[in-house]
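Using our numbering, the first residue of the sequence shown is number 207, and each one after it goes up by one.
Where is the CB? At the ideal position from N, CA and C, for every residue including glycine.
Quick caveat, the model's predicted, so the values are computed rather than measured.
Remarks on the structure that follows.
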Amino acid sequence: MPQLDRALIKERAARLRDAGAAALTRHLGQWVGREADGLVERDGFARLPDFTAVRFEGASGQAFQRLRFSAHDGAHLIGVAA
207 MPQLDRALIK
217 ERAARLRDAG
227 AAALTRHLGQ
237 WVGREADGLV
247 ERDGFARLPD
257 FTAVRFEGAS
267 GQAFQRLRFS
277 AHDGAHLIGV
287 AA
């Protein structure tokens with residue numbers, strides 16, 4: 207199978223990265239204003255059941271924490287312990 211032109215490969219990769227970033231922004235935006243239980247991986251960082259990354263404030267001496275989300279930074283939800 208012949209190789210594609212390098213410029214075409216780069217253009218397709220850029221479009222794919224842009225589409226992925228837009229999808230992540232939409233996904234994170236849907237969580238803002240809601241609450242969910244997260245698995246605490248380390249102080250101030252948890253993951254939701256769908257693997258969404260969360261940065262949060264508040265003490266957590268437990269494996270699971272109820273979290274309330276107020277914003278996102280494009281890569282993580284931002285929340286507090288509920």
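Below 8 Å, can you find three or more Cβ-Cβ pairs linking the segment 233-247 to the segment 268-286? Proximity of the segment 233-247 to the segment 268-286 meets the contact definition, three or more beta-carbon pairs being nearer than 8 Å.
Can you tell me where the alpha helix (DSSP H) holding G235 begins and where it ends? Annotation for G235: the continuous alpha helix (DSSP H) segment containing it runs R212 to W237.
Q268: which of E247, W237 and R218 sits nearest, CA to CA? Considering only E247, W237 and R218, the residue with the shortest C-alpha distance to Q268 is E247.
Between the C-alpha atoms of E217 and L210, what's the straight-line distance to the nearest angstrom? Across the structure, E217 and L210 are spaced so that their CA atoms are roughly 11 Å apart.
Secondary structure of Q271, DSSP reduced to three states: Note: Q271 maps to strand in three-state DSSP.
For P255, tell me which candidate among G264, D249 and W237 has the shortest Cα-Cα distance. Per the Cα distances, W237.
Mapping DSSP to helix, strand and coil, what is H282? The three-state secondary structure of H282, taken from DSSP, is coil.
Bounding residues of the beta strand (DSSP E) (the contiguous stretch that carries A288): If you look at A288, you'll find it isn't in any beta strand (DSSP E); DSSP assigns it neither H nor E.
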